Structure formats: C-alpha cells, structure tokens
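Peer 1: So in this note's numbering, the last spot in the sequence shown is 671, and the numbers never skip.
Questions regarding the structure given below will be posed in turn.
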Amino acid sequence: MMFRALLSATVFLASAIAMADSLSNISGPIDGRRMRASSTGPRELNRDHAVIEPGATITLAELDGPGVIQHIWFTVASGDYRYPAKTILRIYWDDSSEPSVQAPLGDFFAIGHGMRTNVNSAPVQVSAEGRSYNCFWQMPFGRKARIEVENQSDKRMGALYYYIDWLKLDEPKKDAYYFHAQYRQSRPHDSTEDYTILKTTGRGNYVGTVLSSHCGYHAWFGEGNDRVFIDGEAKPSLTGTGTEDYFNDAWGFRVFNHPYAGCTLFEGRSIDSRISAYRWHICDPIPFQKSIHFMIENKGWVSYEDGRLFKRFGDRRDNYASVAFWYQDKPAVGVPAMPPLAERMDPELYFDVNDLEKMAQVGGIARGRLAFARPLMPRRFFHLQASDQDAMVTFPIKVAEKGRYGISLWRVGIGDGGIYEVSVNGKVVE
Numbered sequence: 242m243m244f245r246a247l248l249s250a251t252v253f254l255a256s257a258i259a260m261a262d263s264l265s266n267i268s269g270p271i272d273g274r275r276m277r278a279s280s281t282g283p284r285e286l287n288r289d290h291a292v293i294e295p296g297a298t299i300t301l302a303e304l305d306g307p308g309v310i311q312h313i314w315f316t317v318a319s320g321d322y323r324y325p326a327k328t329i330l331r332i333y334w335d336d337s338s339e340p341s342v343q344a345p346l347g348d349f350f351a352i353g354h355g356m357r358t359n360v361n362s363a364p365v366q367v368s369a370e371g372r373s374y375n376c377f378w379q380m381p382f383g384r385k386a387r388i389e390v391e392n393q394s395d396k397r398m399g400a401l402y403y404y405i406d407w408l409k410l411d412e413p414k415k416d417a418y419y420f421h422a423q424y425r426q427s428r429p430h431d432s433t434e435d436y437t438i439l440k441t442t443g444r445g446n447y448v449g450t451v452l453s454s455h456c457g458y459h460a461w462f463g464e465g466n467d468r469v470f471i472d473g474e475a476k477p478s479l480t481g482t483g484t485e486d487y488f489n490d491a492w493g494f495r496v497f498n499h500p501y502a503g504c505t506l507f508e509g510r511s512i513d514s515r516i517s518a519y520r521w522h523i524c525d526p527i528p529f530q531k532s533i534h535f536m537i538e539n540k541g542w543v544s545y546e547d548g549r550l551f552k553r554f555g556d557r558r559d560n561y562a563s564v565a566f567w568y569q570d571k572p573a574v575g576v577p578a579m580p581p582l583a584e585r586m587d588p589e590l591y592f593d594v595n596d597l598e599k600m601a602q603v604g605g606i607a608r609g610r611l612a613f614a615r616p617l618m619p620r621r622f623f624h625l626q627a628s629d630q631d632a633m634v635t636f637p638i639k640v641a642e643k644g645r646y647g648i649s650l651w652r653v654g655i656g657d658g659g660i661y662e663v664s665v666n667g668k669v670v671e
C-alpha cells in the first residue's frame with residue numbers, strides 16, 4: 242500500500258510540475274492578441290466542420306505573423322476506421338515550399354498503425370476513445386503559417402472539426418526557433434544499419450520521439466540502443482541501454498501515460514504485434530549547433546517461425562515508423578517525401594457490423610444488433626446474447642492465397658456482459 246501511494250505521488254508531482262510551469266506564465270502581462278482559426282460554419286446552421294473528399298488536401302488556416310500557435314484541436318468523423326494513418330498533417334512556415342511538420346495524424350499524436358486510443362502527456366493529449374486530438378506544442382513563426390490536412394483515404398472525410406489558437410504579436414519572438422515534426426519509416430528495417438529517427442543540419446533543440454514497431458518475430462523486439470550524434474561527432478554523445486529504457490520504462494513494455502514518456506499501444510511480444518511509444522525531451526532537450534543524427538538499433542530476441550527462441554540478442558527485421566520533434570533556427574529543407582499509403586500500411590480485410598451479421602454462424606445464441614451507442618459514435622456494433630453456457634458464434638473468413646495473416650477483433654465492453662473466449666481455427670487465443 243505504501244508503494245502504491247509513493248508511485249501515485251510521483252506521477253502527480255510530475256504532472257504538477259508541468260502544470261505549475263504553465264500557470265506561472267499567466268499571472269502577469271502577456272504581449273499579443275489572442276486569435277483563432279476554426280471550422281465554424283454559418284450561425285444559423287450547426288455545420289461547424291470541414292469536409293475532405295478522397296485524395297483531397299484542404300488548407301485549415303493561413304496566418305499572417307508574427308505570431309505563435311499555442312493550441313490545435315481536431316476531431317474527425319470518417320467512414321475509414323484507419324483514418325489516423327491516412328490523414329496527413331502539414332505545417333509550412335513563412336515562405337517555405339517544404340513542410341516543417343509532416344506526419345500522419347495518429348503518429349503525430351503518439352499513436353501509430355492507424356490505431357486510436359487515449360493519450361495523456363504534456364504536449365499532446367487524445368481523448369474520446371482516440372477521437373479528440375489536442376496539441377500544446379508552442380509554434381512561433383515570423384511572417385506566415387499555413388496548416389493543411391490531406392485525406393489519403395478512398396473514403397470521404399465527412400467532418401473535420403478544428404481549432405487553431407494562436408497569439409498575434411507586434412514583433413517576432415526573439416531567438417525563437419521553428420517547430421518541426423518529421424515522419425520516417427523502414428518496412429521492414431534492414432537491421433545491418435541502425436534505424437534513423439532524424440538526420441538534419443542547422444541549429445536547434447531535439448524535443449521528442451514517437452516510435453512504432455510492427456513485430457516480425459515471436460519474441461521481444463526492444464534491445465536496441467538509442468544513439469545520438471551531435472554536430473558531426475564520430476562517437477555519439479548519448480548512448481542508451483535498450484528500447485524501453487529510452488522511453489523511460491523497464492523490463493519490457495506495458496501501456497502507460499506519463500507527462501514526458503509513455504507507451505500508448507502494446508499488443509505483446511508475438512509476431513505481428515504492434516507497439517507505439519513516446520518520449521518528450523521537454524525537461525532535457527538535446528541542443529545542437531550544426532547537425533544531429535538520432536538513431537536506434539533494431540535488435541532484440543530472435544525466434545524461429547514456430548515461435549521457438551533462436552537467440553536472445555540479434556538483428557531483427559521489424560517494421561519501424563517514427564516521428565521526430567525538434568525546434569530549428571530555420572524551416573527545414575530537404576524534407577523526405579511522405580511514403581505512399583500502400584507502403585505505410587499492410588493490406589487489410591475489414592468487416593463492419595453489417596458484414597458480421599451476414600457472416601455469423603450461430604449455435605445457441607439469440608442474435609440482436611444495437612443501432613447506436615454514444616461511446617462509439619457514430620458506429621454501430623454487433624450484439625450477441627447467449628442462451629446457454631456453450632453458445633458460440635463463428636465468423637468464417639476466406640483469404641485469396643496462402644500467407645501469414647493477423648486478425649484484430651474490435652470488442653465493446655458492456656457492464657453486464659458475460660465471460661467468453663476467442664478461438665482461431667479451433668485454437669483458443671490467450
């Protein structure tokens with residue numbers, strides 16, 4: 242009991258420190274004028290959202306500086322349940338033709354793989370079961386700022402609601418750097434070389450990492466050390482001791498959300514399991530004067546295809562994706578192109594509630610379907626009610642060719658729901 246109290250006090254203290262720092266800045270004069278760009282519509286209608294057609298890009302705001310963006314909020318209604326991976330956020334500073342911020346919406350907000358979950362950290366927060374996105378990174382700019390969103394889905398984005406809260410200044414902030422966020426990936430990663438999270442030149446401060454891994458083996462992936470080369474040095478100034486160690490965890494991963502580090506997704510250590518983690522260097526930024534090269538090894542336990550362990554430390558071939566966050570004295574140039582969607586996501590078969598109702602082969606089950614549930618809005622879900630203890634339902638799934646496939650089951654928790662187990666081809670899934 243004492244340990245639990247101490248742990249709670251430690252987490253609360255970290256949150257309180259972050260809050261106190263913000264609160265200390267609002268008790269005196271503030272230069273500038275508060276402004277907002279939003280998706281608000283005509284007053285006589287409740288259509289306060291933008292619509293993005295498949296493949297289209299829209300401009301959310303063009304701001305005349307000098308100023309500083311202090312808060313961005315999004316929420317999305319889309320027919321594509323993987324929209325966090327298929328919605329691209331881009332921000333351009335001044336007259337640059339290259340985006341200083343370019344990342345999928347989900348990855349920018351610390352959750353990869355097109356997944357949705359809540360995130361509770363200092364600079365980014367996600368709520369409403371992964372559907373309400375808040376960003377508090379400070380983004381000063383000189384002459385202009387342009388914020389764009391691209392819909393790379395083949396489905397219409399029926400509603401994008403947004404706020405962009407910013408401060409209009411009379412003079413540019415002295416010595417202020419430009420905010421950057423850059424997506425990279427390697428699928429699968431060639432582990433003969435370390436995975437590069439960021440490589441850039443200029444002067445600035447490195448402030449954060451989001452890393453997502455799609456495991457290629459039935460074994461623990463995270464024995465790779467982080468290595469940071471500053472200003473062209475031959476030997477890294479920073480060298481780590483393991484992947485989860487860099488993300489401020491230990492002895493493996495588990496889901497947690499702290500102000501400056503967390504693991505937002507952890508599906509385990511088996512093949513095809515997905516992981517996302519974040520580390521914010523807000524209290525310990527990494528300054529560089531000429532250049533920075535941030536890398537991490539793709540090393541860990543290696544197994545045979547049947548799951549038997551081959552060795553406890555070796556090169557792996559996992560799918561890696563990341564977003565690097567940093568501030569720099571000038572807008573970045575030579576920004577890597579966003580990989581095409583087909584190279585960012587594996588092909589999927591998706592069965593919605595209507596498909597499941599048609600596919601279901603039932604035994605001892607009285608079927609029913611609830612058309613609406615507020616926590617899942619705007620989705621329906623397929624509801625099954627068992628009439629006896631041995632009741633079961635089977636969903637036959639046919640694939641076009643042999644291969645390795647993974648199955649994700651989106652389940653809804655109900656307070657009076659029963660006990661159940663899931664099996665694939667007769668084998669119970671743990």
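Cβ atoms here follow ideal geometry from the backbone N, Cα and C, with glycine treated the same way.
Note that this is a predicted model, so its numbers are computed, not measured.
#1: Could you please give the first and the last residue of the uninterrupted beta strand (DSSP E) stretch that includes K440?
#2: Assuming R425 contacts T441 under a Cβ cut-off of 8 Å, what Cβ separation, rounded to an integer in Å, is found between them?
#3: Using the DSSP secondary-structure output, state which residues sit across from E303 in a beta bridge.
#4: Inspect the CB distances between the segment 340-349 and the segment 407-426 and report whether three or more fall short of 8 Å.
#5: For the beta strand (DSSP E) that contains A278, what are its first and last residues?
#6: Between the Cα of Y402 and the Cα atoms of I313, G465 and E589, which residue gives the shortest distance?
#7: Which whole runs of the beta strand (DSSP E) in the segment 395-482 are 3 residues long or more, in chain order?
#8: Note down, one range per segment and in chain order, each alpha helix (DSSP H) of at least 4 residues found wholly within the segment 298-365.
#9: CA-CA distance, S394 and T328?
#10: Taking the alpha carbon of R510 as the point to measure from, which residue in E464, D472 and Y374 has its own alpha carbon closest?
#11: Identify whether K552 lies in helix, strand or coil by the three-state DSSP scheme.
#12: Going by DSSP, what residues sit across from I533 in a beta bridge?
#13: Under the rule that 16 or more other beta-carbon atoms within 10 Å means buried, what is T484, buried or exposed?
#14: What residue ranges within the segment 481-535 form continuous alpha helix (DSSP H) runs of no fewer than 4 residues, ordered along the chain?
#15: Using 8 Å as the threshold, is the segment 565-584 in touch with the segment 496-516, meaning 3 or more CB pairs across them?
#16: Go to A583, then tell me how far its alpha helix (DSSP H) extends in each direction, as first and last residue.
#17: Out of H534, N539, R277 and G445, point me to the one whose CA is closest to S478's CA.
#18: Report the option in S517, D513 and M380 whose CA atom is closest to the CA atom of C504.
#19: How close, in whole Å, do the beta carbons of A326 and R585 come, if the pair is a contact with beta carbons under 8 Å?
#20: Verify whether the separation of the beta carbon atoms of P307 and L439 is less than 9 Å.
#21: Any idea what DSSP makes of L625, helix, strand or coil?
#22: To the nearest angstrom, how far is it from the Cα of C376 to the Cα of I332?
#23: In whole angstroms, give me the CA-to-CA distance for S280 and D321.
#24: Kindly indicate if chain D contains any beta-carbon less than 9 Å away from that of I527.
#25: Helix, strand or coil, according to DSSP, for M633 in the structure here?
#26: Pick out whichever of G269, E589, A583 and V309 has its Cα sitting closest to the Cα of K415.
#27: Using the rule of at least 16 other Cβ atoms within 10 Å of the residue's Cβ for burial, across every protein chain shown, is I660 buried or exposed?
#28: Return the chain-ordered list of same chain residues with a C-beta closer than 8 Å to the C-beta of G383, the five sequence neighbours on each side being excluded.
#29: Give the secondary structure of M600 by DSSP, where H, G and I count as helix, E and B as strand, and everything else as coil.
#30: Where do the N-terminal and C-terminal ends of the beta strand (DSSP E) with A562 fall, by residue?
Peer 2: Concretely, from the data shown:
#1: Y436 to T442
#2: Rounded, the Cβ-Cβ distance is 11 Å, inconsistent with contact.
#3: R387
#4: yes
#5: R274 to S279
#6: I313
#7: 398-409, 419-427, 436-442, 445-455 and 467-471
#8: 324-327 and 346-349
#9: 7 Å
#10: E464
#11: strand
#12: T441 and I471
#13: buried
#14: 484-487
#15: no
#16: L582 to R585
#17: H534
#18: S517
#19: 6 Å
#20: no
#21: strand
#22: 13 Å
#23: 21 Å
#24: The displayed structure is made up of one protein chain only, and chain D is not part of it.
#25: strand
#26: V309
#27: exposed
#28: G306, P307, W334, D335 and P413
#29: helix
#30: N560 to Q569
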